[in-house]
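Notes follow the structure.
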């Protein structure tokens with residue numbers, strides 16, 4: 001495409017370029033067929049555009065290249081590349097399983113001048129694998145209507161005069177719409193009487209370019225303090241050092257009108273600040289204009305300001321006799337940044353204009369005046385009363401102003417109040433293990449009291465751990481206490497308006513335990529047997545009636561006759577007016593996935609992700625769509641995506657969940673390849689395992705656990721999501737869910753689930769092992785380019801994925817444990833969490849396998865050549881792993897035998913000119929396995 005010069009915002013410079021075509025990738029091959037075509041089309045706004053397109057998805061092993069003309073970089077060292085493109089979803093192209101891709105690769109090559117077209121692929125350096133945030137599925141390329149994706153990548157540092165950009169297609173259906181190439185610089189500026197010229201930013205993201213300034217006319221450098229500034233990577237001037245001063249004879253006379261000089265140390269007169277003036281010479285300060293003020297603490301150099309305008313959008317939420325107020329900052333802060341807020345409360349009679357101050361009985365949280373945040377709670381109001389609240393914004397000059405106060409006001413009527421405190425509590429009887437209490441009804445019950453709640457805890461525990469007892473009368477006995485222990489009791493009453501506040505604390509100490517006569521088993525064995533029997537009965541009763549009622553169990557929405565009842569039982573219904581859709585971020589099975597904001601009454605707005613149901617849905621589609629909400633609504637765990645609610649009574653029908661800033665884990669890892677420590681990656685894996693442990697404990701099978709179905713928030717917390725394939729299992733831990741159809745993600749699924757459609761938590765553990773491999777390989781595709789049938793065949797033969805590059809042995813052993821053929825031999829999720837916790841606490845354990853199983857498993861090499869020791873030459877080995885393109889590289893470097901290849905390191909591989917990270921990993925993976933096979937043969941006495 002033609003790249004025209006753009007008028008971008010400040011600090012951006014554009015390099016012009018024209019896309020060309022790379023005719024050959026290897027000199028020894030015949031000229032390749034050019035499959036990128038220049039075609040006209042329409043963008044998402046139906047504007048005509050010219051694109052380069054390729055869609056060779058029916059044939060495997062695609063390697064189609066498109067190259068720009070030579071781009072001269074000038075002074076730039078760090079180049080930005082903005083790509084706009086569209087990509088088609090492979091699922092919408094029938095018959096292309098295993099050949100279609102959904103990514104393309106971006107490369108660059110540095111040169112000092114233009115070069116010919118006969119260029120080797122390995123002369124290019126890979127920038128990144130580019131994936132689409134949004135792919136299209138309907139229609140075909142003939143419609144010429146596309147939704148654009150925009151991606152920006154950075155190249156640098158660059159050292160030669162120019163460079164080429166190249167785009168490699170490996171089997172995707174893609175249209176490249178535009179490429180913008182630019183760099184950043186700091187624009188010239190005058191600071192501290194010194195001029196600093198235009199400066200190109202540095203080569204690194206964190207680098208600062210130091211620039212020396214030149215003094216302006218009639219100024220000179222201050223002694224030993226020459227002026228300097230630093231140009232940041234974002235094109236901002238930072239860190240001024242030194243300055244210039246006026247030469248002798250300049251600015252020595254009195255300041256003229258409109259100027260001032262507040263100190264004898266000032267080197268020159270200053271112009272009056274904004275909204276101030278003076279009409280005389282020799283002034284040390286300027287006076288404020290009418291309506292503007294300067295606070296007593298403001299220096300003369302500060303502009304005159306005025307009080308702020310009234311707060312905006314005052315809203316309230318009332319709960320019996322508590323009112324929560326929330327507002328937005330004023331539109332005009334008066335030119336100051338010290339704005340705070342104060343609340344005025346007045347109680348009004350039913351007659352108009354008869355209001356009095358609320359007085360000291362009303363409480364404010366956090367406080368009544370000096371509020372920095374834009375919210376407050378007002379408590380202890382009277383029931384069934386009218387109140388008016390005024391919220392005023394104030395700043396440092398509000399008290400100096402003589403103008404009328406500006407505030408936001410709201411009138412509110414309170415409803416029934418909760419009961420007042422239970423103030424008098426009496427200890428009636430104190431025993432070794434029980435205490436009987438009685439009390440009087442509150443002075444102000446404010447309704448019919450239906451029950452009382454007694455809160456108690458050990459004095460030494462403070463109220464960190466406490467228990468409660470309910471009573472319908474004004475007395476209660478608290479049992480199961482410890483002898484000789486001090487307890488603290490508090491009581492509160494309950495009416496239809498809710499619970500009142502707890503009353504004063506009452507401290508009571510139980511009696512000492514009486515001495516018991518020790519009876520030996522020889523003297524009276526019957527007593528011993530009776531005591532043991534009673535103890536066993538108590539333990540059994542405790543287990544049945546205490547433990548099990550607290551265990552939360554998942555309920556399958558499919559068991560409901562009316563699916564709508566399941567939705568409204570487990571998911572909160574939201575008002576559609578509270579949801580604001582801002583932009584589309586993806587496409588789901590039932591409609592679009594969007595990001596937006598949710599603002600509930602009386603609460604702050606929050607970022608959310610929104611799944612929408614497409615227009616024209618059937619009742620079955622609506623039921624299937626909302627089924628996921630019925631599932632998610634039952635979960636509450638920090639490593640499981642949280643459901644905020646659903647919209648079923650408006651259009652469109654929506655599922656609203658928490659917003660995860662970094663999207664899916666696989667795309668996030670590919671974007672940040674190699675940027676995390678091993679411990680950070682283990683921390684991510686620990687979070688996923690904790691979420692799966694929670695789901696497993698609830699009796700729940702996910703069935704589609706993969707890195708693409710794990711979301712990452714801004715704090716790198718990983719959360720399990722996407723419950724479309726999940727199903728419930730029975731109470732029996734060995735029970736399975738059998739499905740009669742549907743899609744199965746083969747690369748992530750255990751053998752028994754593929755062969756017999758039987759899913760358990762153990763099959764989720766197998767999938768978790770694949771997720772571990774994805775994380776440690778930074779989002780690489782499991783089993784690479786193997787077909788699903790080849791994957792199934794290899795696994796049946798006992799082969800498993802090898803350890804990714806730089807993966808500690810301990811983690812790979814845990815992966816192999818998850819891939820045991822017999823599901824009974826696989827670890828449970830609570831065991832996995834324990835192992836990962838140990839690795840995080842003691843990173844040395846990462847170097848030693850600490851899995852739960854000891855059964856050896858052969859790592860998977862390649863689907864067609866599982867045993868590398870059978871090859872007779874380096875060429876055969878490279879051909880087997882489909883890396884024969886590098887045969888000349890190995891030969892030229894002197895690697896003529898497999899024995900010499902087995903001793904190679906990653907540095908040796910890179911020295912051959914193999915720059916593609918994926919190819920480096922694949923070669924090193926096979927070398928590691930080759931080395932292990934050779935050691936095994938040596939150990940058994942077989943000569944290699």
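Residue numbers (full-length UniProt numbering): 1 to 944.
Idealized CB from N, CA, C, for every residue including glycine.
With distances taken Cα to Cα, identify the nearest neighbour of residue i among the options.
i	options	result
residue 54	411, 60, 45, 65	65
residue 928	917, 898, 605	898
residue 474	491, 362, 870, 465	491
residue 437	771, 873, 845, 478	478
residue 379	365, 392, 386, 387	365
residue 606	573, 644, 924	644
residue 213	276, 395, 831, 227	227
residue 498	449, 672, 435	449
residue 153	700, 759, 78	78
residue 719	39, 771, 670	771
residue 93	137, 723, 190	137
residue 960	761, 493, 73	The requested residue 960 does not occur in the structure, where the chain is confined to residues 1 to 944.
residue 787	504, 712, 49, 98	98
residue 903	931, 129, 263	931
residue 602	696, 306, 324	324
residue 176	157, 151, 655, 846	151
residue 299	802, 263, 156	263
residue 665	369, 709, 465, 832	709
residue 722	744, 713, 704, 75	704
residue 803	846, 841, 762	846
residue 67	179, 76, 89, 50	179
residue 504	578, 566, 420	420
residue 106	124, 424, 95	124
Taking only heavy atoms of the ligand SAH into account, decide whether any of them is closer than 7 Å to the Cβ of residue i.
i	result
residue 673	Absent from the structure shown: the ligand SAH. Ligands present: none.
Below 8 Å on the Cβ atoms is my guess for residue i versus residue j; work out the distance and round it to an integer in Å.
i	j	result
residue 954	residue 468	With the chain running from 1 to 944 in the structure shown, residue 954 is simply not present.
residue 196	residue 111	That belief does not hold up - the Cβ atoms of residue 196 and residue 111 are roughly 33 Å apart, past 8 Å.
residue 422	residue 442	6 Å
residue 328	residue 313	4 Å
residue 255	residue 269	4 Å
residue 202	residue 172	In fact, because the Cβ distance is near 35 Å, the residues do not count as touching under 8 Å.
residue 435	residue 508	5 Å
residue 330	residue 397	Residue 330 to residue 397, Cβ: 14 Å. No contact.
residue 764	residue 692	6 Å
residue 712	residue 660	6 Å
Taking a contact to mean a Cβ-Cβ separation below 8 Å, would you say residue i touches residue j in this structure?
i	j	result
residue 667	residue 779	yes
residue 811	residue 800	no
residue 829	residue 689	yes
residue 600	residue 647	no
residue 293	residue 406	no
residue 766	residue 819	yes
residue 582	residue 597	yes
residue 555	residue 634	yes
residue 383	residue 357	no
residue 135	residue 87	yes
Taking 8 Å as the CB-CB cut-off, is residue i touching chain C?
i	result
residue 876	Protein chain content of the structure displayed is limited to a single chain, and chain C is not contained in it.
Based on DSSP bridge pairs, tell me the residues matched to residue i.
i	result
residue 664	711
residue 654	612, 647
residue 596	581, 608
residue 386	348, 413
residue 270	260
residue 66	167
residue 621	Its beta-bridge partners do not exist; DSSP assigns none.
residue 125	108
residue 48	42
Is there contact between the region 873-890 and the region 914-927, where contact requires at least three CB pairs shorter than 8 Å?
yes
Check whether the region 753-762 and the region 674-682 touch, using three or more Cβ-Cβ pairs below 8 Å as the test.
no
For the structure I just gave you, are there three or more beta carbon pairs, one from the region 218-225 and one from the region 237-245, closer than 8 Å?
yes
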